[in-house]
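First comes the structure, then the notes that go with it.
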Amino acid sequence: MPHDTPLISTIVGGLVLAFIFGAFAHRLRMPPLVGYLIAGVLVGPHTPGYVADQSLAPELAEIGVILLMFGVGLHFSLKDLLSVRGIAVPGAIAQIAFATLLGWGLGAFMGWPTGGSLVFGLALSVASTVVLLKALQERRLVETERGRIAVGWLIVEDLAMVLALVLIPAAASIGGEGHAPVEPLSAGLNRLFGLDLGIGGMIAMTLVKVALFVALMLVFGRKLIPWTMHRIAHTGSRELFRLGVLAIALGVAFGAAKLFGVSLALGAFFAGMVLAESELSHRAAQESLPLRDAFAVLFFVSVGMLFDPNILIDKPLPILATIFIIVIGKSVAALLIVLAFKKPLGTALTISASLGQIGEFSFILAALGVELGLLPGEGRDLILAGAIISIILNPLLFFLCDRMRPFFEGAKREDVVAEPAAADAIAAQEEAPPEDDEVHPTALSGHAILVGYGRVGSIVGQNLKSSATPFLVIEDSDKRIGELKAQGVETLMGNAVMRETLDLANLAGARSIAIAIPNAFEACRIAEQARSVNPSILIVARAHSDAEVDELKHYGADTVIMGEREIALGMVDRLAQVHHESVPYEDGHGPDTIMPADEPPPQRE
Numbered sequence: 001m002p003h004d005t006p007l008i009s010t011i012v013g014g015l016v017l018a019f020i021f022g023a024f025a026h027r028l029r030m031p032p033l034v035g036y037l038i039a040g041v042l043v044g045p046h047t048p049g050y051v052a053d054q055s056l057a058p059e060l061a062e063i064g065v066i067l068l069m070f071g072v073g074l075h076f077s078l079k080d081l082l083s084v085r086g087i088a089v090p091g092a093i094a095q096i097a098f099a100t101l102l103g104w105g106l107g108a109f110m111g112w113p114t115g116g117s118l119v120f121g122l123a124l125s126v127a128s129t130v131v132l133l134k135a136l137q138e139r140r141l142v143e144t145e146r147g148r149i150a151v152g153w154l155i156v157e158d159l160a161m162v163l164a165l166v167l168i169p170a171a172a173s174i175g176g177e178g179h180a181p182v183e184p185l186s187a188g189l190n191r192l193f194g195l196d197l198g199i200g201g202m203i204a205m206t207l208v209k210v211a212l213f214v215a216l217m218l219v220f221g222r223k224l225i226p227w228t229m230h231r232i233a234h235t236g237s238r239e240l241f242r243l244g245v246l247a248i249a250l251g252v253a254f255g256a257a258k259l260f261g262v263s264l265a266l267g268a269f270f271a272g273m274v275l276a277e278s279e280l281s282h283r284a285a286q287e288s289l290p291l292r293d294a295f296a297v298l299f300f301v302s303v304g305m306l307f308d309p310n311i312l313i314d315k316p317l318p319i320l321a322t323i324f325i326i327v328i329g330k331s332v333a334a335l336l337i338v339l340a341f342k343k344p345l346g347t348a349l350t351i352s353a354s355l356g357q358i359g360e361f362s363f364i365l366a367a368l369g370v371e372l373g374l375l376p377g378e379g380r381d382l383i384l385a386g387a388i389i390s391i392i393l394n395p396l397l398f399f400l401c402d403r404m405r406p407f408f409e410g411a412k413r414e415d416v417v418a419e420p421a422a423a424d425a426i427a428a429q430e431e432a433p434p435e436d437d438e439v440h441p442t443a444l445s446g447h448a449i450l451v452g453y454g455r456v457g458s459i460v461g462q463n464l465k466s467s468a469t470p471f472l473v474i475e476d477s478d479k480r481i482g483e484l485k486a487q488g489v490e491t492l493m494g495n496a497v498m499r500e501t502l503d504l505a506n507l508a509g510a511r512s513i514a515i516a517i518p519n520a521f522e523a524c525r526i527a528e529q530a531r532s533v534n535p536s537i538l539i540v541a542r543a544h545s546d547a548e549v550d551e552l553k554h555y556g557a558d559t560v561i562m563g564e565r566e567i568a569l570g571m572v573d574r575l576a577q578v579h580h581e582s583v584p585y586e587d588g589h590g591p592d593t594i595m596p597a598d599e600p601p602p603q604r605e
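Everything in the sequence shown is counted per UniProt numbering, starting at 1 for the first residue and increasing by one.
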C-alpha cells in the first residue's frame, strides 16, 4: 500500500506546520492564524521544498468553511436573522457598492478592462467567513447584538456573491466570451423550449432557486432535521450522533450547491439554523467542534499556498492601494453606515473591524474572472496578497478599534457639553443603559463564582440563591444570560478561561468558585488561574473520570465531584430507602430551577 499519497501528505504537512508556526506565533503574542498562513506559504509552490497538492487543499479548506457556518447557524436563530435585516440588508448592499466602486477605480487606473475592474472590486468587497467568525468567537460576540448584525451582514454578502457568480459569466458571454458558462436551468429551458431568458431571466432563475431552497429549509427542514437528530440521539450512540451531525452539515451544504446553486457556506448555515430550534443544538455544536477547528486551520493553510511573496517586491504600490481599500475603505464605509442607523459606537467599530478583510469568496471570484479572461493574472495576485495581509492585520484593526472607542466617545461627549442647549441630552446620555453586550466588573466581595449554568450549574445556583449566598454566574450562552437576568442573578457574559473575565468577577476577593462546565481541559485552566490569583479560595469542580479528578486536583481544585460515582451513590441511597424503609426520597428540584436540556450528557468512548 503506497504511503506517499497526496491527500495524506497534504493534511499532515498542512496541520503539522500549522501547529509549529501557530504555536510560535502564539508565543510571540500574535494570532495563531498568522502562523497558519506562514505554513501555507512554506508548503506552496512559490517557496522551495515540499509542495502540497494545490487541488486538494482548497477542497479540504471548504469543509472547514461548511462546518464553521453550520456551527454559527446552531447559535443563530431565524428570529435573530430577521431582527437585524433592517440594517444588515441595506448596510451590506451599500458597503459592497462602495468597495466595488473603489476597486473599479483602482483597476481602471491600472488600465484593466471594465469587466475585470468590476470583478476586482467585487472581490475586495466581501469579507471572509472564517476570519470574521473566528474574530467574533474569540471575543465571545457571536450571540450579542453586534455579533448578530455582523453575521447577518455576512449572510447578505454571501447571497450577493452567489448572484454575482451567475451574472459574471452571463456578462462575459454577452461581451463576446463564448467559453463562459451559463446558468444550467436557463440553458435547459433554452434547449427544451427555445426560450432565451437573457440576463434578466438568469437573475430571476437564480433568485427563484435561492428562495426555493430557503423555503424548503424553513418549511420542511425545520421539522425533518430536528426530528432526525432526536431519533439518532434516542439510540444512545454517541458515534451515530456525531456522524449524523456531520452528515446533515455536509449533505445539506452539498445538496444546496448542486441543486439550487447556493454557496456551500450558506447551505450549511441554514442547516445549522433549523437545527438550532432543537434542544440538541448545543450537543451538535460540541460534536462538530474538533473537525471544525481542524479544517478551519486547513483553510488558512490553503490561502497561504496561493501567495507568491515576490509580488511584495514587484508591485508594492498596487498592493498598498489594495490593502487601503480592504482595511480602510471598507471599514470606514461600514462604520459610517452603522452609525447612520443610529447604532452604538461600539457596535459600529466591531462591525467595521470584522469586515476589514477578504477571503474565500474573493478567491472564487478572482479564479472565475481569470478563467473568463476578464481579470488579468496581476489582479488575482493583488487579491491574494490583499487577503493574506488584511487577515494578518485584522487582529490589529480590532485592537485599534478598542483603543479608539474611548477617544471617540469622549470627543462626542465634549461636543455635547460645549452646547448649553444640550443639557437634557447629557442627562439622557448619562442615564442611558449600557449596550446589552457590555460587561462590567462586579461590586461583590466574599462571594461565590459559578462557572456555567447548565444542568449541573443551575442546581448549584438555585441552592446558592435559596441560601442567600452572594454569587455571580459566568456564562457564554445569551439565552441563559437572559433567563438569569430575569431572575435578578448577577451574570458575566464571557469565557472563564480568559483572565479578563475572571478579573471582572473579582476573583481575588471571592471566597469560592464552582466550576460546573463539563469541559475538563477548560476547567483545569480556570482552576489554575483561580489558585494563582487567590491562594485561599475554595475551588470545587466536576469530572467524568478518575484521570480528570487527578488532573483537576493537580491544577488546584480542592474538591472534585465525579458524575458517575455520585450517580452510583444516589442509586444506592435510593435502593436503601426502599429496602431498609429509610426516609422518603427527595430530588431537591425547586419550582424555579432552570434545567436546560441542551447540555450534552457526559459520555465516554
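Idealized CB from N, CA, C, for every residue including glycine. Keep in mind that this is a model prediction, so the values were computed, not measured.
Reduced DSSP category for residue i - H, G, I as helix; E, B as strand; rest coil
i           : result
V16         : helix
I517        : coil
W104        : helix
T559        : strand
T10         : helix
V540        : strand
S128        : coil
I449        : strand
S512        : strand
A164        : helix
P169        : helix
G304        : helix
W112        : coil
H580        : coil
H46         : coil
A284        : helix
V497        : coil
residue 618 : The structure shown does not extend to residue 618, since the chain is modelled only from 1 to 605, so the question has no answer here.
D415        : Because D415 sits at a pLDDT of 48, beneath the cut-off of 50, its placement in the model cannot be relied upon, and the point is left open.
P290        : helix
A422        : At A422, the pLDDT of 41 sits below 50, so the modelled position is not reliable; the number obtained from the coordinates is stated separately. Looking at A422 - three-state DSSP - the assignment turns out to be helix.
L317        : helix
Residue i to residue j span [Cα, whole Å]
i           : j    : result
R238        : A253 : 23 Å
L396        : E566 : 48 Å
G588        : S458 : Because G588 sits at a pLDDT of 43, beneath the cut-off of 50, its placement in the model cannot be relied upon, and the following sentence gives the value as read from the coordinates. Spanning the two alpha carbons is a distance of roughly 12 Å.
A23         : T350 : 27 Å
V572        : T559 : 22 Å
K258        : H544 : 43 Å
G73         : L317 : 40 Å
V245        : F70  : 10 Å
A541        : A510 : 16 Å
F260        : A61  : 22 Å
S362        : S532 : 46 Å
D503        : R525 : 14 Å
A428        : L216 : Below a pLDDT of 50, predicted positions are generally treated as unreliable, and A428, at 38, falls in that range; the measurement from the model is reported next regardless. Rounded to whole angstroms, A428 to L216 spans 47 Å at the Cα level.
I11         : I325 : 34 Å
S536        : L492 : 23 Å
E287        : D293 : 11 Å
I87         : V130 : 22 Å
E475        : E138 : 15 Å
residue 639 : L472 : This structure gives no information on residue 639, because the portion of the chain shown stretches from 1 to 605.
I561        : V65  : 38 Å
K134        : V162 : 22 Å
Continuous beta strand (DSSP E) stretch holding residue i: start and end
i    : result
T491 : E490 to M493
F471 : F471 to E475
Boundaries (first-last residue) of the alpha helix (DSSP H) holding residue i
i    : result
F241 : R238 to F260
S55  : Neither: S55 is in no alpha helix (DSSP H) and is coded neither H nor E.
A265 : L264 to L275
L464 : R455 to S466
P226 : R222 to A233
D546 : D546 to H554
L141 : Where L141 is concerned, there is no enclosing alpha helix (DSSP H), given that its DSSP letter is neither H nor E.
L312 : I311 to D314
task = Assess, as a yes-or-no matter, whether the segment 447-464 is touched by the segment 512-520 under the definition of 3 or more beta carbon pairs within less than 8 Å.
result = yes
task = Count the CB pairs spanning the segment 94-114 and the segment 323-342 that are closer than 8 Å, and state whether there are at least three.
result = yes
query = Are at least three pairs of beta-carbons, each pair with one atom in the segment 272-286 and one in the segment 305-321, less than 8 Å apart?
reply = no
message = Could you tell me which whole alpha helix (DSSP H) segments of length 4 or greater appear in the segment 319-401?
response = 330-340, 345-354 and 360-371
task = Examine the Cβ distances between the segment 111-127 and the segment 45-61 and report whether three or more of them are shorter than 8 Å.
result = no
message = Would the segment 296-303 count as touching the segment 52-60 if we require 3 or more Cβ pairs under 8 Å?
response = yes
query = Is the segment 350-360 in contact with the segment 115-129, if contact means three or more CB pairs nearer than 8 Å?
reply = yes
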